[in-house]
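Following: one structure in structure tokens, then a few remarks.
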Amino acid sequence: MPLLVMKFGGTSVANLERIENAAKKVQKEVERGYDVIVIVSAMSGETNKLVGYVEGTSKLYDAREYDAVVASGENVTAGLMALRLQEMGIPARSWQGWQVPINTTAAHSAARFVSIPRDNIDAKFKEGFKVAVVAGFQGVSPEGRVTTLGRGGSDTTAVAFAAAFAAERCDIYTDVDGVYTTDPRVSGKARKLEKIAFEEMLELASLGAKVLQTRSVELAMRYKVRLRVLSSFEDTDENSGTLVCDEEEIMESKVVSGVAFSREEAKITLFTIEDRPGVAQAIFGPLAEAGVNVDMIVQNISEKDYDEAHPGAVTDMTFSCPINQVERAKKALEDAKTAGLIKYDELIIDTDVAKVSVVGIGMRSHAGVAAKMFSALANEGVNIKVISTSEIKISVLIDRKYMELAVQALHDAFALGDA
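Quick note: the sequence shown uses numbering that gives the first Met the number 0, first residue 0, plus one each step.
So, in structure tokens, the structure goes:
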């Protein structure tokens, strides 16, 4: 039988009424002839509640017990979904991570997949079961302990199952009806995309779009898993939502497919550092060890300050990072200075910035995208602080107060509202 993976997020299974609604969507796919693997998240708000219980019990908690508690939210949803499907006359059973088994590394709260053997679930399908309801976000370590996969783990679980079972498609049901050219709450001209390439979706997800978790898109791109993003709260058919697929499935792409943004950015500048081989490693090595995710990096041209007997040169280094990692970054740099690893005159932190990006696989074959982007921002009086580019992306750091204006200007400049 053809197989489909369907994933329902927390808002889609927030209460018994919504679980019943999700079960009806599963029923439709069973009636179309599919065997279905359903991946479920915890009911909306449950994971935060469980995390609160752990932190209220033990400030310096054992990560293994944290996972044991937090993973229970998905177990409840899986059992309730299986019961609802059974009440509808559909042969279904629930599966916890250890029962599949979903084999992961032992990195508790940040585990990664090792393998998902098919044998147990395939055996149940052969017995006549039509639906396997699997608790997302969790697995089992080599020691036999429950593990969790970190933020967005249920999305990643769904893609991993689609890859392991060679599913025809992986449908991600959420509270939006697809992937848009930008956030409709920022631009009323935002348009839902019928298709988007894996690379574009990966860039958009990493740049601030909240529709899909970055790790799940990475996995989908690696194993060529066709993803479909669609709404749990609307009637859907095989043409609903947005298909995330290989570039070859898209006949002709616009130069730019979407505008992404992130408010949670900070800019850090080190003034008057030595311009010598190894200085970048001396700066970014301690930041990496401190777990700081550095994004955009700019080094100025050296300012020469030397005589023949004492050659030397100095420069400035600017980079961006998530705003919630600023204190960690500051401490790492100050400790590196104290240890004599780096020298700088001043460290300036700007937390009032935002990152705005344009993304599109069409950039590979079209010139002038950067010029059009910078012109659109200049026409609105938006000053650019930092620029970063890749083959299919251009990002700029700007004052946060201009973020929505910049998004709207770029959306208009690239005519993303036009079909």
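C-beta: ideal position from N, C-alpha, C; glycine also. Computed from a predicted structure; not experimentally measured.
| Since Ala-166 and Arg-117 are thought to touch, with beta carbons under 8 Å apart, how far apart are those beta carbons, to the nearest angstrom? | Ala-166 to Arg-117, Cβ: 11 Å. No contact.
| query | So, are the CB atoms of Leu-199 and Gly-257 less than 9 Å apart? | reply | Sequence check: residue 199 is Glu here, not Leu. Pairing Glu-199 with Gly-257 gives a Cβ-Cβ distance under 9 Å.
| task | Report the partner residues of Val-385 according to the DSSP bridge assignment. | result | Leu-396
| request: Ignore the nearest five residues each way along the sequence and tell me which others in Ala-110's own chain have a CB closer than 6 Å to its CB. | output: Excluding sequence neighbours, Ala-110 sits near Thr-103, Thr-104, Gly-138, Thr-146, Leu-148.
| query | In terms of residues, what are the limits of the beta strand (DSSP E) holding Arg-221? | reply | For Arg-221, no beta strand (DSSP E) segment is defined; the enclosing uninterrupted segment is the alpha helix (DSSP H) at 213-222.
| query | Ends of the beta strand (DSSP E) at Phe-136? | reply | Note, Phe-136: premise wrong, no beta strand (DSSP E); not H, not E.
| said: Whether or not the region 403-412 and the region 356-375 are in contact is what I'm after, with contact meaning three or more pairs of Cβ atoms, one per stretch, closer than 8 Å; do they touch? | reply: yes
| request: Could you tell me the distance, in whole angstroms, from the CA atom of Gln-407 to the CA atom of Lys-209? | output: 18 Å
| Counted within 10 angstroms of its Cβ, other Cβ atoms place Met-372 as buried (16 or more) or exposed | With 16 or more other Cβ atoms within 10 Å, it is buried.
| said: Rounded to the nearest angstrom, what separates Gly-177 and Val-291 at their Cα positions? | reply: 31 Å
| field | CA nearest to the CA of Val-12, picked from Ala-281, Tyr-222, Asp-174 | value | Closest by alpha carbon: Asp-174.
| task | Decide if Thr-241 is buried, meaning its Cβ has at least 16 other Cβ atoms within 10 Å, or exposed. | result | buried
| field | Beta-ladder partner(s) of Ser-261, from DSSP | value | Paired residue(s): Lys-354.
| Candidates Ile-36, Gly-380, Pro-285: closest to Glu-333 by CA position | Pro-285
| Is Gln-421 helix, strand or coil when you go by DSSP? | The chain is shown only over 0 to 418; residue 421 falls outside these bounds and no answer can be derived.
| query | Is Val-53 helix, strand or coil when you go by DSSP? | reply | Helix at Val-53.
| Identity of the residue in Lys-24, Phe-197, Asn-47 nearest Ser-252 by Cα | Phe-197
| Exposed unless 16 or more other CB atoms sit within 10 angstroms - verdict on His-365 | exposed
| Three-state class that DSSP yields for Asp-411 in the structure shown | Note: Asp-411 maps to helix in three-state DSSP.
| said: Which complete alpha helix (DSSP H) runs does the region 46-128 hold, if anything under 4 residues is left out? | reply: 62-69, 71-86, 118-125
| DSSP three-state assignment for Glu-19, whether helix, strand or coil | helix
| query | Going straight from the alpha carbon of Val-278 to that of Ala-265, what length do you get? | reply | 22 Å
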